[in-house]
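Some notes on the structure that comes next.
Residue numbers (this note's numbering): 15 to 49.
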C-alpha cells in the first residue's frame with residue numbers, strides 16, 4: 015500500500031539522519047586532521 019511505502023521511506027530517512035548525525039563528529043575530526 016502507498017501508505018506503507020511512505021512510512022517505510024520515512025523510517026529509512028530517519029535512520030539515515032541518525033547515522034549521519036552519529037558520524038558527523040568523526041567527519042569533523044578527519045577534516046581537521048586533513049587540513
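We put the beta carbon where it would ideally sit given N, CA and C, even for glycine.
Could you compute how far the alpha carbon of residue i sits from the alpha carbon of residue j?
i          : j          : result
residue 30 : residue 46 : 24 Å
residue 37 : residue 24 : 20 Å
residue 17 : residue 43 : 40 Å
residue 48 : residue 41 : 10 Å
Is the beta carbon of residue i within less than 8 Å of some heavy atom of the ligand NAP?
i          : result
residue 15 : Absence of the ligand NAP is noted for the structure shown, with no ligands found whatsoever.
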